[in-house]
Structures are given as structure tokens and as C-alpha cells.
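There are 2 protein chains.
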Amino acid sequence: MEPEVLLDPQGDDAYALRPQLFIELRAALEARDAATIDRLMEPLHAADIADLLEQIESHERRTLIEIWHGGIDGEILSEIADTIREEVLGYLSPEQLTQAVRELESDDVVDLVEYLDEESQEAVLDTLSPLDRVAVEKALSWPEESAGRLMQVEVVRAPQHWTVGEMIDFLRAHPDELPDQFYHVILVDPRMKPVGNVTLGRMMSSRRYVKLWDIREETFRTIPASQDEGEVAYAFNQYHLISAPVVDDDGRLVGVITIDDAMIVLSEEHEEDILRLAGVGETTVADKVWPTTKRRLPWLAVNLATAILASLVISLFEEAIAGYVALAVLMPIVASMGGNAGTQTLTVAVRAIATKDLTGSNAWRVIRREVLVGLLNGIAFGLVMGVIGVLWFGGPMLGVVIAVAMVANLLVAGLAGTVVPLALEKAGVDPALASGTFVTTVTDVVGFFVFLGLGAAILL
Amino acid sequence: MEPEVLLDPQGDDAYALRPQLFIELRAALEARDAATIDRLMEPLHAADIADLLEQIESHERRTLIEIWHGGIDGEILSEIADTIREEVLGYLSPEQLTQAVRELESDDVVDLVEYLDEESQEAVLDTLSPLDRVAVEKALSWPEESAGRLMQVEVVRAPQHWTVGEMIDFLRAHPDELPDQFYHVILVDPRMKPVGNVTLGRMMSSRRYVKLWDIREETFRTIPASQDEGEVAYAFNQYHLISAPVVDDDGRLVGVITIDDAMIVLSEEHEEDILRLAGVGETTVADKVWPTTKRRLPWLAVNLATAILASLVISLFEEAIAGYVALAVLMPIVASMGGNAGTQTLTVAVRAIATKDLTGSNAWRVIRREVLVGLLNGIAFGLVMGVIGVLWFGGPMLGVVIAVAMVANLLVAGLAGTVVPLALEKAGVDPALASGTFVTTVTDVVGFFVFLGLGAAILL
Numbered sequence: 001m002e003p004e005v006l007l008d009p010q011g012d013d014a015y016a017l018r019p020q021l022f023i024e025l026r027a028a029l030e031a032r033d034a035a036t037i038d039r040l041m042e043p044l045h046a047a048d049i050a051d052l053l054e055q056i057e058s059h060e061r062r063t064l065i066e067i068w069h070g071g072i073d074g075e076i077l078s079e080i081a082d083t084i085r086e087e088v089l090g091y092l093s094p095e096q097l098t099q100a101v102r103e104l105e106s107d108d109v110v111d112l113v114e115y116l117d118e119e120s121q122e123a124v125l126d127t128l129s130p131l132d133r134v135a136v137e138k139a140l141s142w143p144e145e146s147a148g149r150l151m152q153v154e155v156v157r158a159p160q161h162w163t164v165g166e167m168i169d170f171l172r173a174h175p176d177e178l179p180d181q182f183y184h185v186i187l188v189d190p191r192m193k194p195v196g197n198v199t200l201g202r203m204m205s206s207r208r209y210v211k212l213w214d215i216r217e218e219t220f221r222t223i224p225a226s227q228d229e230g231e232v233a234y235a236f237n238q239y240h241l242i243s244a245p246v247v248d249d250d251g252r253l254v255g256v257i258t259i260d261d262a263m264i265v266l267s268e269e270h271e272e273d274i275l276r277l278a279g280v281g282e283t284t285v286a287d288k289v290w291p292t293t294k295r296r297l298p299w300l301a302v303n304l305a306t307a308i309l310a311s312l313v314i315s316l317f318e319e320a321i322a323g324y325v326a327l328a329v330l331m332p333i334v335a336s337m338g339g340n341a342g343t344q345t346l347t348v349a350v351r352a353i354a355t356k357d358l359t360g361s362n363a364w365r366v367i368r369r370e371v372l373v374g375l376l377n378g379i380a381f382g383l384v385m386g387v388i389g390v391l392w393f394g395g396p397m398l399g400v401v402i403a404v405a406m407v408a409n410l411l412v413a414g415l416a417g418t419v420v421p422l423a424l425e426k427a428g429v430d431p432a433l434a435s436g437t438f439v440t441t442v443t444d445v446v447g448f449f450v451f452l453g454l455g456a457a458i459l460l
Numbered sequence: 001m002e003p004e005v006l007l008d009p010q011g012d013d014a015y016a017l018r019p020q021l022f023i024e025l026r027a028a029l030e031a032r033d034a035a036t037i038d039r040l041m042e043p044l045h046a047a048d049i050a051d052l053l054e055q056i057e058s059h060e061r062r063t064l065i066e067i068w069h070g071g072i073d074g075e076i077l078s079e080i081a082d083t084i085r086e087e088v089l090g091y092l093s094p095e096q097l098t099q100a101v102r103e104l105e106s107d108d109v110v111d112l113v114e115y116l117d118e119e120s121q122e123a124v125l126d127t128l129s130p131l132d133r134v135a136v137e138k139a140l141s142w143p144e145e146s147a148g149r150l151m152q153v154e155v156v157r158a159p160q161h162w163t164v165g166e167m168i169d170f171l172r173a174h175p176d177e178l179p180d181q182f183y184h185v186i187l188v189d190p191r192m193k194p195v196g197n198v199t200l201g202r203m204m205s206s207r208r209y210v211k212l213w214d215i216r217e218e219t220f221r222t223i224p225a226s227q228d229e230g231e232v233a234y235a236f237n238q239y240h241l242i243s244a245p246v247v248d249d250d251g252r253l254v255g256v257i258t259i260d261d262a263m264i265v266l267s268e269e270h271e272e273d274i275l276r277l278a279g280v281g282e283t284t285v286a287d288k289v290w291p292t293t294k295r296r297l298p299w300l301a302v303n304l305a306t307a308i309l310a311s312l313v314i315s316l317f318e319e320a321i322a323g324y325v326a327l328a329v330l331m332p333i334v335a336s337m338g339g340n341a342g343t344q345t346l347t348v349a350v351r352a353i354a355t356k357d358l359t360g361s362n363a364w365r366v367i368r369r370e371v372l373v374g375l376l377n378g379i380a381f382g383l384v385m386g387v388i389g390v391l392w393f394g395g396p397m398l399g400v401v402i403a404v405a406m407v408a409n410l411l412v413a414g415l416a417g418t419v420v421p422l423a424l425e426k427a428g429v430d431p432a433l434a435s436g437t438f439v440t441t442v443t444d445v446v447g448f449f450v451f452l453g454l455g456a457a458i459l460l
């Protein structure tokens with residue numbers, strides 16, 4: 001069977017697993033038809049197999065791993081989501097586990113074990129050679145989500161005085177000790193401090209007698225092992241790094257990070273930001289009902305508290321509402337428009353802070369702009385809603401009330417949408433996590449208060 | 001001056017430009033002190049200079065470009081945000097522009113000119129050699145945001161029968177024709193169809209007589225030039241590609257995409273998703289007030305329409321509200337909780353669709369899970385809010401009404417939060433763009449209708 005039947009490289013959804021594959025696979029699992037399973041799985045890349053395992057049910061996973069002859073290898077294991085990794089590890093025999101883990105580079109082993117419970121972690125570490133185990137345990141001694149956890153310890157380095165010829169001879173003499181993927185040779189001084197980077201492309205196109213030092217890259221950056229992985233990903237993206245040497249506190253070379261790992265981190269950081277902005281913790285669609293419920297609950301609880309606060313504001317004006325019900329009908333519009341405008345602003349601000357495009361140096365300009373945008377949109381929608389209010393309920397003063405409240409609330413939304421994330425960032429709180437609550441609380445409270453307050457003052 | 005004074009590689013904000021830099025730079029610009037400007041700019045990377053240009057005011061940009069001796073080079077130009085690119089180009093003399101553009105690879109020139117107005121585009125294209133101009137115009141003939149636009153046409157290829165020695169000799173003979181960065185040699189058949197990839201690392205560690213074909217990579221994927229760049233980025237991330245050959249409709253090699261470009265696209269796609277989820281079009285903090293206002297307006301208009309729809313629902317129950325004002329006080333709570341629960345669910349669904357983790361094969365399981373999560377959280381918050389309602393307003397039946405409405409709305413939120421994005425995806429609409437409106441409309445309407453309807457039926 002051709003891969004093209006299962007993946008459609010020309011279409012819009014070039015790389016998605018096709019529903020047809022799942023239908024056939026499920027039938028084969030049901031019938032325990034190993035030949036069909038092998039045939040269906042054969043063309044799939046390890047990353048797709050991991051996705052597939054995440055998308056089927058737990059009992060199907062078990063059957064698949066049991067009877068598929070391909071077997072779970074190291075690459076599949078390291079691609080699998082944290083949420084089902086321990087389950088899958090539990091299905092493997094000690095021999096299968098050993099074989100799978102031994103294929104991996106040190107950074108992939110670290111990635112595999114770092115969030116396992118102690119027992120599963122021990123089981124994996126036990127499969128390693130003593131030397132590899134030391135390397136992995138060393139990496140695990142770096143803080144979570146640091147460059148030290150992300151790097152691989154297998155590096156290709158050379159003394160800074162070597163020539164191209166010396167380097168090529170060295171590489172040819174040690175083909176088995178080289179990492180799977182490497183793009184640079186790191187030049188080190190006698191104290192093992194990295195002093196430069198030479199790309200393999202540059203090296204291949206240079207004569208044997210050329211000094212590596214003379215063809216080193218112009219841009220050269222080392223990364224401290226303790227640096228947060230989010231900063232590492234930012235550096236790769238910002239400076240178009242392909243690989244970068246990692247150094248310990250004394251500046252000595254301890255590993256290398258390559259762009260493919262940085263890309264994964266960048267993607268994860270973005271994912272985290274999106275989910276945090278929506279008030280969801282780390283989740284995958286493979287999660288079960290109960291953990292998902294618990295993870296969604298805290299944000300909903302915070303939202304309940306702020307909604308009650310807004311209701312308290314409304315309750316100040318019970319008399320006005322009882323006397324003039326149109327106020328109750330129209331009040332959610334002002335709050336909703338403020339909430340949306342605030343969310344727009346805060347999202348732009350949160351992203352700009354994350355990409356370091358919004359800093360102390362331009363904060364005032366951005367705040368001023370957002371307030372002006374809020375004012376202009378407030379005037380536009382205030383006019384529209386004022387007219388609608390008059391047409392709907394017939395009272396011209398009601399139109400004025402809603403128009404003024406709209407302008408006020410959208411202006412406040414622009415202000416809160418920038419000031420809140422900037423203040424949270426300054427206070428060391430992730431603005432993606434908490435800005436939404438604060439901003440919508442502000443727009444709800446201001447929206448209800450101004451609209452109902454003006455309504456009570458003018459209309460009654 | 002050491003770079004460390006302006007960038008703090010150890011801190012939390014290792015790569016941000018420091019406020020102190022802006023203060024000193026602004027003073028120097030004010031005084032037109034070229035020496036200080038040169039000293040301040042000297043340690044900055046092109047990407048940081050681009051960020052800096054985006055963060056200062058327009059008149060400051062002009063002065064900086066005028067008197068800074070470093071000058072805007074090609075790399076800085078291609079890093080600059082689209083919103084200020086034309087302005088910056090306008091400050092350059094034809095000679096400066098020619099020099100800057102000639103440094104760039106074809107993909108960077110494409111990136112530079114593709115969104116310029118015709119006049120500026122022509123000015124840049126005029127600086128190119130006829131050969132380069134043909135390459136760039138060819139790339140521009142591919143659809144926007146396609147692999148054809150993203151690729152560079154400078155490729156390193158070899159006939160499939162070559163040996164390592166032949167390849168190295170070839171590279172050494174043509175050092176000036178090689179791209180700045182390359183990681184693979186692409187093997188092609190006599191009809192120029194790519195048939196394999198050899199990493200430079202593998203090649204360097206092999207003897208001269210070894211056939212390239214025998215050391216080619218296991219995983220090999222070609223990318224159609226017409227493929228959407230989002231799919232390209234997904235493929236790089238999913239399959240850990242470092243570079244991939246791009247082919248035309250006949251399968252012939254036309255270019256190569258490298259992971260650093262894919263990483264930028266991945267980052268942009270994420271950014272776009274985040275902003276779309278918040279109802280904001282493409283924006284940067286460098287945008288001016290008026291374009292920003294116009295770009296925020298459509299989503300706010302849609303939101304106004306849905307808010308009015310919700311108000312219409314409320315107006316059905318004017319009598320009930322007039323008779324029992326507590327309903328008006330509490331009704332935003334039910335709607336707000338539904339809106340938040342719906343946003344949580346839809347964000348998870350939208351992301352899972354984007355990462356191809358939510359497909360036809362597991363849609364029902366995910367919908368079932370989200371409905372159950374909604375039900376459980378609905379029960380939890382229904383109980384809490386029921387008790388609060390009773391304590392606050394004293395009527396036991398009011399507690400029942402709000403509790404039941406809460407359960408119903410959170411359940412509906414779970415349902416709408418998954419079904420809406422899935423249906424939009426199926427209909428070919430970007431779920432990130434439109435899901436939010438639909439889902440919050442559903443939760444607002446259902447929330448107000450169930451709460452007020454039950455209230456009217458039971459309490460009056």
C-alpha cells in the first residue's frame with residue numbers, strides 16, 4: 001500500500017491521518033488481524049503513529065501494541081503525549097523498553113522520562129548503559145524547562161587551531177560516535193570554552209589546509225544551561241540560529257541545542273499561551289473527563305467570583321431596573337462590548353510582551369494608542385447603539401445613556417487591556433494567565449455601573 | 001562597549017532590548033550625536049535593530065537611518081515588520097537599497113517585496129541582476145503563503161550516482177555559488193526529480209568512495225510548491241525535518257525550504273490563531289491608531305449583533321424582570337459562566353484541530369468528553385450558585401432556577417464549544433476566526449432563555 005492512500009500530500013489537509021485509516025484499523029484490531037494492522041501501520045512516520053495512539057481508545061492502544069509487529073520504538077515513545085506515555089510504557093516488556101530507549105539521544109531520553117512517576121522513570125533509566133545514565137541524570141539535575149534539559153550532550157567539537165583537513169579526518173575516524181544530526185562544529189579553547197561555530201556547508205566547500213577559525217560563523221551565541229527554554233526558543237527564532245552551544249556557569253561547553261528542539265519548545269510555548277488566555281491549563285484531547293473537569297474548574301471559579309462582583313454592581317440599581325426594565329434588557333450589551341474590546345487589546349498586548357515588542361520603552365505610546373482606538377470605536381458603536389436604543393424603546397434619553405456608557409466602557413477597555421498585562425508582567429505574573437479575568441472584571445463593573453448609574457440619574 | 005550591557009543573557013529577559021538603550025539612543029538622536037549612535041547600535045543583531053526601529057517613533061527612525069553609519073542592510077530590511085517597511089525603504093537612497101538587496105537570498109527578497117505596493121516593489125526589483133530578478137518573479141508567481149514563496153531557489157543538488165568524493169570536489173570548486181546555509185545535498189534523478197537527501201554530517205564522516213545514495217536519510221519528503229505554508233510548517237514540526245526539497249507539479253526540483261523559515265511560519269501561524277481567537281486581525285504594536293481602529297471594528301460589530309440578539313431574548317421576559325428584579329441581577333452570571341466554559345472548550349478544540357489531534361476519527365469521543373465535563377462543572381457551579389442565590393435573595397426556588405440554568409448552559413457550552421469549530425472546519429472556514437462568536441452567542445441566548453424562562457415559569 002502506498003503512503004499516499006493514507007496521507008494526502010497535495011490536499012489542504014496534507015498531513016492529517018485519514019478517517020479511513022481509523023476505520024480499517026479499528027476493524028483489524030477488533031478481529032485481531034495482525035497482517036492488516038502491520039500493513040496499515042507500515043507507511044506511517046513515528047510522529048503519526050504517536051498521534052494515532054493518542055486518538056484511539058485505551059483498550060485499542062493495548063491491543064495494537066500487543067499484536068503489531070512493528071513495535072513501539074524510541075522515536076514513537078518520545079513523540080507520545082505525556083498524558084498516555086506511562087500507560088504505553090506499561091504495555092512494553094523490559095526487553096522492548098530497553099531496545100526502544102537505547103536508540104535515543106540523551107536529550108530524547110530526558111524528554112521521555114522527565115515527567116514520569118519515579119517508578120516508571122527508574123524502569124527507563126535502568127535500561128541505559130552506565131555512561132548514558134550518568135548523562136541523563138546530569139541533564140535531569142538542571143531545572144525543569146531549562147536549556148540544560150533541552151540540550152543533547154553529544155556534541156561535535158574541535159580545538160580552535162584545527163584545519164578543515166584535520167576535522168574531516170577526525171570525523172571519518174569516528175563515524176559511530178557522531179550524533180544523528182549535527183550542523184556545526186563547535187570550536188573550543190583549551191579550557192573547553194566554546195569560541196566559535198563552523199557550519200558543515202562552509203567546511204565542505206573549503207580546502208583541507210584552511211583553518212576552521214578562519215571560516216567560523218559571524219554570529220555566535222552561547223546559551224547558559226540554566227536559561228529558561230522559552231528564552232532559548234526566542235533566541236533561535238530571533239537570531240535564526242540552527243544550533244547553539246550550551247555552557248555551564250563557568251562558561252564550559254556541556255551540550256548543544258538544535259533548532260528542531262527549539263521549534264518544538266516555541267510551538268509548546270505558543271500553545272500554552274493560547275490555552276492560558278482562554279483559562280485552560282495544559283490539556284490534550286487525549287485527556288479523560290475527570291482530570292479535564294478539575295483543570296477547567298479553577299478558572300471558572302475565578303470567573304464566578306468576578307461575575308458575582310458584577311451582579312453586586314447591578315443590585316445597587318434594582319430600583320431603577322424595576323422602574324425601567326429597558327435598562328435590564330440593554331445592560332449586557334455595554335458589558336459585552338467592553339469585554340470584547342478589552343480582550344482584543346489585551347491579546348495584542350500579551351503577545352507583544354511575549355515577543356518583546358512591547359517594553360518599557362514604548363509602553364506609553366501603545367497605551368495611548370489603545371485608549372484612542374477604544375475612544376474611536378466607542379464613539380462609533382455608541383452612536384449606532386444610541387440610535388438603536390431610541391428606535392427600540394422610544395426614549396431619546398435612553399439613547400444618550402447607552403451611547404455615553406459605550407464610549408466610557410470601550411475607552412476603559414483599551415486602558416485596562418494594556419495596563420493590566422504590563423502591570424502583571426512587571427509583577428512577575430504571566431500576563432497570559434491572569435489578564436483576561438482582571439480586564440473583563442473591569443469592563444463588566446464599569447459597563448454596568450456607568451450604564452445603570454447614568455440610567456438611574458437621568459431616566460428616573 | 002560590551003553587548004552584555006545592552007542585552008542580559010543570564011536574566012529572565014535575556015534577549016529583550018533594555019529601556020536604558022532607548023533612553024540613551026533617544027538622547028543621541030535628539031543631539032544628532034552620530035558617534036554615540038554608532039556605539040549604541042554596534043553590538044546589536046539585525047533582528048534586534050529591526051525590533052528597535054519598530055519601537056521608536058517615525059521621526060526618530062528617519063533621523064536614525066540618516067545619521068547612523070552602520071546603515072540598513074539586507075538582513076535588517078527583511079526582519080522589519082510589514083507595517084513600517086515601506087516607510088524605511090523610502091528613507092534609503094537607490095544605492096543603499098541596491099547594496100542591501102543584493103546581499104539577500106532569493107527567498108528573503110521575496111519576503112521583502114511580496115506585500116509592498118507596486119511602486120516600492122518595482123524599486124527593489126530594479127536593483128536585482130536580471131537572473132535574480134527572474135528567480136524572484138518566478139517565486140512571486142506562486143500563490144501567497146505557499147511553499148513556492150517560502151522556498152529558496154539556491155539548492156545544492158547532486159546526481160544520484162555521485163560519490164562523497166565527487167560531491168566534496170564539486171563543493172570545493174564552487175564555494176561562491178553555495179547558499180549561506182545548507183544542511184543536505186539533494187539527490188536528483190536525470191529528470192531532476194529529487195530522490196533522496198544526504199546530511200552533510202553523514203557525508204563528512206564517510207570515505208570518499210562511498211556512494212551518496214548509500215548514506216541517504218531514511219525519512220525523505222518532498223513538498224509541492226503550491227502547498228500552503230501552514231502545512232509546510234506542520235510537516236517540519238511533525239517530522240523534525242531540517243530541510244526539504246520543493247517540487248513543481250511535475251515533481252521536478254524547484255527549490256528548498258529550511259527549518260528556520262518553517263519556524264518563522266509556525267510562529268506566525270500561531271500568532272494569527274491567537275489574534276483570531278480574540279477577534280483581532282493581523283496587528284503589531286507599531287500600527288497607528290486609525291488602521292487599528294478599522295481592523296478591530298468588524299469583530300466588535302459582529303459582537304454587537306450577537307449582543308442585541310441576546311438582549312432580544314431578555315426582552316421576552318420584561319414582565320418577569322419587572323416583577324422579580326433578582327432575575328436581572330443574577331442573569332449575567334449564567335451567561336458569563338457559559339461563555340467562559342464555551343471559550344475554554346472551543347480553544348482546546350480549535351488548537352486540537354490545528355495540530356490535527358482532533359479529526360473525524362475521534363470527534364465523537366471528544367464531544368462526549370466535553371459535554372460530560374460541562375455537565376460536571378455545571379453541577380458543581382450550579383450547586384454553589386444555587387446556595388448563593390438562596391442566601392442572597394431568600395427564595396429557595398430562585399436557587400433551583402439558577403442551578404438548573406447553570407447546568408444546562410455549561411452542558412450546552414461543552415457541546416457548542418466542540419461542534420461549532422468542527423463544523424466550521426468541515427465547511428472550510430477557519431475555526432479560529434469564527435468559533436468564538438457562534439459559541440458565545442449560543443451560550444448567551446441559552447443562558448438568558450433558560451434562566452429567565454424558568455424564572456418566569458416558576459417564580460411568578
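Read top to bottom, the protein sequences are chains A and B.
Going letter by letter, the first sequence gives residues 1 to 460 in full-length UniProt numbering.
Going letter by letter, the second sequence gives residues 1 to 460 in full-length UniProt numbering.
Glycine included, C-beta positions come from ideal geometry on N, C-alpha and C.
Everything numeric in this text was worked out from a predicted model, so none of it was measured.
Quiz item: According to the neighbour-count rule (16 or more other Cβ atoms, all chains shown, within 10 Å of its Cβ), is I37(A) buried or exposed?
Solution: Your numbering for residue 37(A) matches position 37 in the first sequence. Classification of I37(A): buried, given that the 10 Å Cβ count is 16 or more.
Quiz item: Is there at least one Cβ from chain B nearer than 8 Å to A328(A)'s Cβ?
Solution: Reading the first sequence from its first residue, position 328 is the one you call residue 328(A). Cβ-Cβ to chain B under 8 Å: yes for A328(A).
Quiz item: So, does the CB of F182(A) fall closer than 8 Å to a CB anywhere in chain B?
Solution: Stepping through the first sequence from its first residue, residue 182(A) is reached at position 182. Chain B contact via Cβ: present.
Exercise. Report the neighbours of L104(B) on chain A: residues whose CB is nearer than 9 Å to its CB, in chain order.
Key: Mapped onto the second sequence, residue 104(B) falls at position 104. By Cβ distance, chain A contributes nothing, its closest Cβ being about 13 Å from L104(B), past 9 Å.
Practice problem: Name the two residues that bound the continuous beta strand (DSSP E) containing A278(A). | Solution: Position 278 of the first sequence holds residue 278(A). From DSSP, A278(A) is part of no beta strand (DSSP E); its letter is neither H nor E.
Practice problem: Kindly say whether D357(B), judged by its beta-carbon, lies nearer than 8 Å to any beta-carbon of chain A. | Solution: As a position in the second sequence, residue 357(B) is number 357, starting the count at 1. Yes - at least one Cβ of chain A is within 8 Å of the one on D357(B).
Quiz item: Is any beta-carbon of chain B found at less than 8 Å from that of E231(A)?
Solution: Numbered from its first residue, the first sequence carries residue 231(A) at position 231. Yes, because at least one Cβ of chain B sits closer than 8 Å to the Cβ of E231(A).
Practice problem: Can you give me the start and stop residues for the beta strand (DSSP E) that N197(B) sits inside? | Solution: In the second sequence, residue 197(B) corresponds to position 197, counting from 1. Run containing N197(B): P194 to T199, per the beta strand (DSSP E) assignment.
Quiz item: By how many angstroms is the C-alpha of G360(A) removed from the C-alpha of A28(B)?
Solution: Taking the first residue of the second sequence as position 1, residue 28(B) is located at position 28. Taking the first residue of the first sequence as position 1, residue 360(A) is located at position 360. Each residue's alpha carbon lies about 19 Å from the other.
Self-check item: Own chain partners of Y239(B) with C-beta closer than 8 Å, once the 5 adjacent residues on each side are dropped
Solution: Position 239 of the second sequence holds residue 239(B). Contacts found: T219 and R221.
Quiz item: Secondary structure at G255(B), three-state DSSP: helix, strand or coil?
Solution: One-based indexing of the second sequence puts residue 255(B) at position 255. Three-state DSSP puts G255(B) in a strand.
Self-check item: Sub-8 Å separation of V136(B) and V109(B) beta-carbons
Solution: Numbered from 1 along the second sequence, position 136 holds the residue referred to as residue 136(B). Numbered from 1 along the second sequence, position 109 holds the residue referred to as residue 109(B). Yes, the Cβ-Cβ distance between V136(B) and V109(B) is below 8 Å.
Practice problem: Locate the alpha helix (DSSP H) running through I379(B), then write down its first and last residues. | Solution: As a position in the second sequence, residue 379(B) is number 379, starting the count at 1. Looking at the DSSP string, the run of the alpha helix (DSSP H) that includes I379(B) is A363 to F393.
Quiz item: Relative to the C-alpha of D180(B), which residue among T163(A), L424(A), R296(A) and I215(A) is closest?
Solution: Position 180 of the second sequence holds residue 180(B). Of T163(A), L424(A), R296(A) and I215(A), the residue nearest in Cα terms is I215(A).
Quiz prompt | Residue from T343(B), R133(B) and E370(B) whose Cα sits closest to the Cα of T437(B) | solution = Residue mapping note: residue 437(B) aligns to position 437 of the second sequence, counting from 1. When each option's Cα is compared against that of T437(B), the closest is T343(B).
Quiz item: What residue does the beta strand (DSSP E) around L112(A) start on, and which one ends it?
Solution: Along the first sequence, read from residue 1 onward, the residue named residue 112(A) stands at position 112. Counting along the chain, L112(A) falls outside any beta strand (DSSP E), though it belongs to the alpha helix (DSSP H) covering S106 to V113.
Quiz item: Taking buried to mean at least 16 other C-beta atoms within 10 Å of its own C-beta, is V429(B) buried or exposed?
Solution: Mapped onto the second sequence, residue 429(B) falls at position 429. Per the 10 Å Cβ criterion, exposed.
Quiz item: So what does V188(B) bridge to, in DSSP terms?
Solution: As a position in the second sequence, residue 188(B) is number 188, starting the count at 1. For V188(B), which the question treats as bridged, DSSP gives the partners P159(B) and P194(B).
Practice problem: Compare the C-beta of E54(B) against all C-beta atoms of chain A and say whether one is closer than 8 Å. | Solution: Here residue 54(B) refers to the residue found at position 54 of the second sequence. True, the Cβ-Cβ gap to chain A drops below 8 Å.
Quiz item: Quick one: what's got a C-beta closer than 7 Å to L358(B)'s C-beta in the same chain, skipping five residues either side?
Solution: Taking the second sequence and counting its residues from 1, the one referred to as residue 358(B) is at position 358. Excluding residues within five positions, the ones whose Cβ falls inside 7 Å are A349, A352 and V366.
Quiz item: Do three or more CB pairs link the stretch 185-196 of chain A to the stretch 227-238 of chain A at distances below 8 Å?
Solution: no
Self-check item: Secondary structure of A244(B), DSSP reduced to three states
Solution: Counted from its first residue, the second sequence places residue 244(B) at position 244. Three-state DSSP puts A244(B) in a strand.
Quiz item: What are the boundary residues of the alpha helix (DSSP H) that A335(A) is part of?
Solution: Position 335 of the first sequence, counted from the start, is the residue given in the question as residue 335(A). Its alpha helix (DSSP H) spans residues A326 to A354.
Quiz item: Curious, which full-length beta strand (DSSP E) runs of at least 3 residues does the stretch 123-152 of chain B contain?
Solution: none
Quiz prompt | Length of the line joining the Cα atoms of D169(B) and G201(A) | solution = Translated into the one-based positions of the second sequence, residue 169(B) becomes position 169. Translated into the one-based positions of the first sequence, residue 201(A) becomes position 201. When rounded, the distance between both Cα atoms is 13 Å.
Quiz item: Applying a beta-carbon distance threshold of less than 7 Å, which residues of chain A neighbour residue 469(B)?
Solution: Given a span of 1 to 460 for chain B in the structure shown, any question on residue 469(B) remains unanswerable.
Quiz item: So which of L398(A), L266(A), V450(A) and R252(A) has the shortest CA-CA distance to R228(A)?
Solution: What you label residue 228(A) is simply residue 228 of the first sequence in a count that begins at 1. Reading off the sequence, residue 228(A) comes out as Asp, not Arg. Ranking L398(A), L266(A), V450(A) and R252(A) by Cα distance to D228(A) puts L266(A) first.
Quiz item: Under the rule that 16 or more other beta-carbon atoms within 10 Å means buried, what is Y15(B), buried or exposed?
Solution: The residue labelled residue 15(B) in the question sits at position 15 within the second sequence. With 16 or more other Cβ atoms within 10 Å, it is buried.
Self-check item: Spatially closest choice to E269(A) from I242(A), V247(A) and N237(A), by CA coordinates
Solution: Reading the first sequence from its first residue, position 269 is the one you call residue 269(A). With distances taken between Cα atoms, E269(A) lies closest to N237(A).
Quiz item: For a contact meaning CB atoms closer than 8 Å, what does I274(B) contact in chain A?
Solution: Position 274 of the second sequence, counted from the first residue, corresponds to residue 274(B). Residues of chain A passing the Cβ test: H270, D273, I274, L277, T347 and R351.
Quiz prompt | Beta-carbon neighbours of R62(B), restricted to chain A and to distances below 9 Å | solution = Within the second sequence, numbered from 1, the residue matching residue 62(B) stands at position 62. Under the 9 Å cutoff, chain A gives no residues; its nearest Cβ is about 16 Å from R62(B).
Quiz item: For the alpha helix (DSSP H) that A427(A) lies in, which residues bound it at each end?
Solution: The sequence position of residue 427(A) within the first sequence is 427, counting from 1. Per DSSP, A427(A) belongs to no alpha helix (DSSP H) and is neither H nor E.
Exercise. Enumerate in chain order the residues of its own chain whose CB-to-CB distance from N362(A) is below 6 Å, with the five nearest sequence positions on each side excluded.
Key: Residue mapping note: residue 362(A) aligns to position 362 of the first sequence, counting from 1. If we look at N362(A) and ignore the five residues flanking it on each side, it has no Cβ neighbours.
Quiz item: Hey, how far is the Cα of L300(B) from the Cα of S311(A)?
Solution: On the second sequence, position 300 is the one that residue 300(B) refers to. On the first sequence, position 311 is the one that residue 311(A) refers to. Cα-Cα distance, rounded: 24 Å.
Exercise. Can you give me the start and stop residues for the alpha helix (DSSP H) that V210(B) sits inside?
Key: Counted from its first residue, the second sequence places residue 210(B) at position 210. From DSSP, V210(B) is part of no alpha helix (DSSP H); its letter is neither H nor E.
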